[in-house]
Each structure stands twice: as C-alpha cells, then as structure tokens.
Amino acid sequence: MRMRDFTAEQYRLSRRAFLSASLAAAGGLMLAACGGSAATSGGAGGSSYTLALIVGVKGDPFYITMQKGAEAKARELGVTLLVDGPSQWSATLQTPIVNAYVARKVDAIIIAPCDKQAMIAPLQQASNAGIKVITVDTYIGDGDYVHGPVTFPLSYIGSDNVQGGKIAGEALIKAIGGHGKVYIQNTVPGTSTTDQREQGCKEAIDATHGAVTLVGVDFNGDSAAKAAEQTTAILQRVPDLAGIFGTNIYGSEGAAQAVKNAHKQGQVKIANFDAPEQAIVDLKNNVVDIVIAQKPADMGSIGVQYAVDALKGNMGAIQKRVPTGYVIITRDNVDTPEAQAAIYKSS
C-alpha cells in the first residue's frame, strides 16, 4: 500500500497529537512506577489541583484511616488526591516516592516522613520546586516550623506525642498499682513520634521518684514478630515485670502476643499506643489495659484542607502546628460511640 502524502500543516498537526499522547502516557507511567493509587474528585469548584499523600507505611491501619479522612476531604473540595507510601518504614524507600511526585509536578505533598533528618533534603527539593509541603503524624527537623532548624513545611499536623506517652505511662502506672518494673517496646530510633512517646512515658516514670523503674527499651524495626521475641526475652529475664508500654501498633501487638504466650494476661499490664481492631480485641480479652487512639482521619482531612488553602493563597487559615488529640479507650468505655469511632480501619 502506498503511504499517504502529508502536507506540511498536516505533519505539524499529526506531530502535535503524537507528542500530546506521549506526554499523557508518560504521566500515567510515572504514577504507575510510583505504585500509588489515585482518587479523582470532581466536587463543587472543579479545581485542577493535584495533591499527593505519602504515608509512612502502606497497609498500616493508622495510615489507611488517615487516607480515608484525606479522600473524604478531597471529594468535598473537588481536588485530585494521589496516595502512596513505602512497603515498610524506611526513608530509603520513601525518598523515591517523593522524587517521583516532584517529577510529576503535583501541587502539594502531604507526608508522614519516615525519618526526621533523612527526609529533610528530598522534601526541601520539593519545596524548591514550588510544591507545598505539609507533614502529618511525623515531622522533620524538630517539628518547630517557626523557630526550628527546618521552617519550609507549611504545617505539622499530628498528635502531641510527649503528652500521649505521658498519658500512657500514667495509665500504666495506675494499672500496676503505682509501683513495679516497666518495659518500653519502641520501633525505630529517629522516628519523631515514637521517640517522643518514649520520652513522655519516661517522664511519667520519673515522677514516681523510684516507685516505678524502667528495666529496658527495645526497638523492633516496626516488626510485631520482632517485638514478640524481644518481649518474650524480657519476660524471662524479669519474671516480676509489672507493665509494658508499646509505642505504636507493632510494638503493642508483639508485646500482647508475648504476654499471651507466657500466660501472663492480667498479671503484666499493657498500655497500647494506637487503636487497630486487634488492640480492641486484646482490650476486651484482658490482655491490654488501655488503648491510646490517635485521630489519623483528622490528620489527613486537615492536611488536604491546608494544602488547598495554601494553593488558593489563604495562608491566614493555616497554623504551623496542629495537635489533633486522643481518645482514651478502656474496658469501661470501649463500646461507647466515641470509642468505636476512634478505632482504626483495616480496609
């Protein structure tokens, strides 16, 4: 078959269409490479803003709940929300996701940084590229975006984790009768939230003036299995251990499993930070004595609202620090509407 003859104008039009299609395909490939999901919302206003939510760990009930809050707000405001995160808590794995969204030229990044130091540089590059940066749950630098060493993020939205750790510590001390030996199950050193929860628990212990002693702190690398191994070793080494504080989902879950395996339910009290469904099961079965529920849906929702406010130039609506509070769940209130609403979603 003889090839069709093109005029110069037809050639220019054909080439333009080809380039447009290629660019569209490249954008799709970039999102696919990022491994994320996209929720396009066409609510009132029809804004063309594209926001990226980068969670700390994909599939974690805390971050699933955060995503749901962010998606609901995105639908309300009529913006596109892309969601992704690393398969495990790792700045090394989170950085390429940030870089991919910078290359995609999203309008804003809402992120739970996996390391308060290692994530400064990639997020600074995003800010330098004109992308609005908001941190949720965790922070970079020291979290003080007004006077601290890092000030470019628009806001840090998350719990007051020193306060949360102190609340957990005080509740644990009360549960063990005001005296005895306590152990802390932590996750990864350098994580802003869990570092502060450990600090808050230690402050509660110090306030007993020696009536309660800390026998150890272990880091499980965000592995419930590792936390169970470490807690089992502590239970063998310290047979009169009175209480355990788990600083997040994984430490709490592993500690609870070790206590169950040792048949010490009720004997060793556990304060569980974070409120996945399993924590509530353990609470009702007398394995866990207190569950500290954060408000991840609020973090996601406020993050999206702030990103849109910033993009519209409404900076007066944005606070540099937004503490989101807690719901304290015990066996006495677990079935109340407030407590039930605070339980994290698994899907």
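Residue numbering for the sequence shown is -38 to -1, 1 to 309, as defined by mature numbering (1 follows the signal peptide of the UniProt record, and there is no 0). C-beta: ideal position from N, C-alpha, C; glycine also.
Cβ separation of residue i and residue j, assumed to be a contact under 8 Å, to the nearest whole Å
i	j	result
GLN192	GLN147	7 Å
ASP236	SER214	7 Å
TYR101	THR149	The pair is not a contact, with the Cβ atoms about 16 Å apart (cut-off 8 Å).
ILE93	ILE16	At roughly 12 Å, the Cβ-Cβ gap does not stay under 8 Å, so ILE93 and ILE16 are not in contact.
ALA190	GLY152	Not really, about 23 Å apart at Cβ, beyond 8 Å.
CA-to-CA distance, residue j to residue i, given in whole angstroms
i	j	result
THR194	ILE119	35 Å
VAL221	LYS231	9 Å
residue 368	SER10	Because residue 368 is not part of the residues shown, which for the chain are -38 to 309, the question remains open.
THR170	TYR145	15 Å
ASN182	ARG283	29 Å
GLN158	GLY126	9 Å
GLY140	LEU85	44 Å
LYS274	GLY40	13 Å
VAL253	GLY287	14 Å
LYS78	ALA241	27 Å
VAL177	THR292	25 Å
VAL250	THR155	21 Å
ILE305	GLY21	15 Å
GLN227	ASN248	6 Å
ALA166	LYS128	5 Å
GLY208	VAL19	18 Å
ALA(-18)	ALA65	Its pLDDT being 37, under 50, ALA(-18) is placed unreliably in this model, and the value from its coordinates should be taken loosely. Straight-line Cα distance between these residues: approximately 18 Å.
ALA80	ALA233	30 Å
VAL266	LYS35	7 Å
LEU116	VAL179	34 Å
SER3	VAL60	With a pLDDT of 43 at SER3, under the threshold of 50, the modelled position of this residue cannot be trusted; read the value that follows with caution. Approximately 22 Å, taken between the alpha carbons.
ASP122	ILE135	20 Å
TYR268	VAL98	11 Å
ALA173	ILE196	20 Å
PRO75	VAL124	18 Å
THR12	THR42	5 Å
THR298	ASP244	17 Å
Bridge partner(s) assigned by DSSP for residue i
i	result
ARG283	TYR118
ASP180	GLN147
LYS94	ALA70
PHE235	ILE254
LEU55	LEU55 is not bridged to any residue.
THR12	THR42
PHE24	Its beta-bridge partners do not exist; DSSP assigns none.
9 Å Cβ cutoff, residue i in contact with chain C
i	result
LEU203	In summary, chain C is missing from the structure at hand, where a single protein chain is found.
Reduced DSSP category for residue i - H, G, I as helix; E, B as strand; rest coil
i	result
residue 327	The shown model of the chain, from -38 to 309, leaves out residue 327, and the question about it has no answer.
VAL289	strand
residue 337	Residue coverage of the chain in this structure runs from -38 to 309, which leaves residue 337 outside it and unanswerable.
GLY228	coil
ALA(-7)	The predicted position of ALA(-7) is uncertain, since its pLDDT is 36 and thus under 50; a value taken from the coordinates is nonetheless stated next. Here ALA(-7) sits in helix by DSSP.
THR194	helix
ALA137	helix
VAL19	coil
GLY152	coil
ILE305	coil
ASP46	strand
VAL174	strand
ALA169	coil
ILE102	coil
ALA80	coil
ALA(-18)	The predicted model places ALA(-18) with a pLDDT of 37, which falls under 50 and marks its position as unreliable; any figure quoted below should be read in that light. Reduced to three states, the DSSP call for ALA(-18) is helix.
GLY110	coil
GLY275	coil
Residues near residue i in its chain [Cβ-Cβ closer than 7 Å; skip 5 each side]
i	result
ALA259	THR27, MET28, LYS30 and GLY31
GLY8	Residue confidence for GLY8 is low, a pLDDT of 42 falling below 50, so the modelled location carries little weight; the figure read from the coordinates is stated next. The answer, listed in chain order, is GLY40.
SER89	VAL95 and PHE114
ALA91	VAL64
SER185	TYR212
Nonlocal neighbours in the same chain, by C-beta distance under 6 Å from residue i, ignoring five residues either side
i	result
ALA204	ILE138, GLY142 and LYS143
ALA14	LEU44, TYR63, VAL68 and ILE71
ASN295	ALA301
LEU55	PRO48
ALA(-14)	Here ALA(-14) scores only 34 on pLDDT, less than 50, and its place in the model is too uncertain to base an answer on.
VAL108	LYS282
LYS188	ASN182
8 Å Cβ shell around residue i - same chain, five flanking residues per side excluded
i	result
SER308	PRO23, ILE26, PRO238 and GLU239
ASP271	MET277, ALA279 and ILE280
PRO111	GLY103 and ASP104
Check: residue i C-beta below 8 Å from any heavy atom of the ligand COA
i	result
ALA169	With respect to the ligand COA, the structure shown offers nothing to examine, as it has no ligands at all.
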